[in-house]
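Notes for the one structure printed next.
In our numbering, the protein residues as written are 128 to 331.
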């Protein structure tokens with residue numbers, strides 16, 4: 128059975144004051160909300176502060192990225208073990224900004240997916256097409272390719288409990304948005320891709 132998740136990716140924004148203020152407001156606004164999981168992904172340096180601010184609420188802690196290595200000489204990186212230790216649960220991977228600015232490939236994202244699953248964390252796998260791919264009618268093809276990269280190495284069973292977030296690149300920060308029909312088509316296409324190799328227990 129699929130459960131909805133609303134997650135806020137704060138990107139490169141925030142301050143100690145902002146974290147405390149936003150989380151306090153969220154606690155108030157979400158007090159009577161049920162049937163939907165809520166998570167926030169502040170910048171890494173504010174994860175502990177956000178965790179303490181959200182303590183006792185239904186707000187889950189998330190993170191914006193993870194490294195494929197668990198330890199070693201990898202300056203500036205954060206491991207899945209560290210994110211687990213701080214209390215983060217939902218970890219964003221495959222975001223278009225990481226794919227574009229940091230040249231992250233489908234193969235690298237699949238490795239990040241694997242390391243998160245090994246640590247018992249929930250990958251939030253972002254998929255989506257560029258404006259050129261959208262205009263060429265390749266939306267479903269691109270989304271299927273991005274999912275296939277994980278399927279080939281992890282298998283369909285690994286998707287149990289995983290969040291797949293459709294984020295068309297051409298709609299980010301442009302004022303444009305994908306229509307409900309387009310979102311539904313991409314979602315249905317992604318589900319179909321998974322169902323080809325998915326055990327019956329995961330198809331619900």
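Where is the CB? At the ideal position from N, CA and C, for every residue including glycine.
Keep in mind that this is a model prediction, so the values were computed, not measured.
Per-residue burial, residue i [other beta carbons within 10 Å of its own, 16 or more giving buried]
i: residue 253; result: buried
i: residue 296; result: buried
i: residue 155; result: exposed
i: residue 152; result: exposed
i: residue 286; result: buried
i: residue 263; result: exposed
i: residue 129; result: exposed
i: residue 244; result: buried
Pair within 8 angstroms by beta-carbon distance, residue i and residue j
i: residue 290; j: residue 242; result: no
i: residue 195; j: residue 217; result: no
i: residue 219; j: residue 168; result: yes
i: residue 283; j: residue 237; result: no
i: residue 181; j: residue 150; result: yes
i: residue 141; j: residue 178; result: no
i: residue 185; j: residue 139; result: no
i: residue 292; j: residue 246; result: no
i: residue 273; j: residue 233; result: yes
i: residue 197; j: residue 166; result: no
Beta-carbon contacts of residue i that lie in its chain and below 8 angstroms, excluding the five residues immediately before and after
i: residue 143; result: 173, 176
i: residue 294; result: 222, 223, 253, 254, 255
i: residue 258; result: 296, 297
Same chain, Cβ closer than 6 angstroms to residue i, five either side skipped, listed in chain order
i: residue 131; result: 163
i: residue 170; result: 141
i: residue 261; result: 297
Local conformation of residue i per DSSP, three classes
i: residue 147; result: helix
i: residue 158; result: coil
i: residue 132; result: strand
i: residue 289; result: coil
i: residue 200; result: coil
i: residue 259; result: helix
i: residue 207; result: helix
i: residue 283; result: helix
i: residue 271; result: helix
Close Cβ partners of residue i (< 7 angstroms) along its chain, the five nearest in sequence each way excluded
i: residue 210; result: 190, 193, 218, 248
(request) Run through the segment 226 to 256 for me and flag every whole beta strand (DSSP E) of 3 or more residues, listed as ranges in chain order. (result) Listed in chain order, the complete beta strand (DSSP E) runs (minimum 3 residues) inside the segment 226 to 256 are 249 to 254.
(request) At 4 residues or longer, and completely inside the segment 161 to 187: list those alpha helix (DSSP H) runs for me, N to C. (result) 174 to 181
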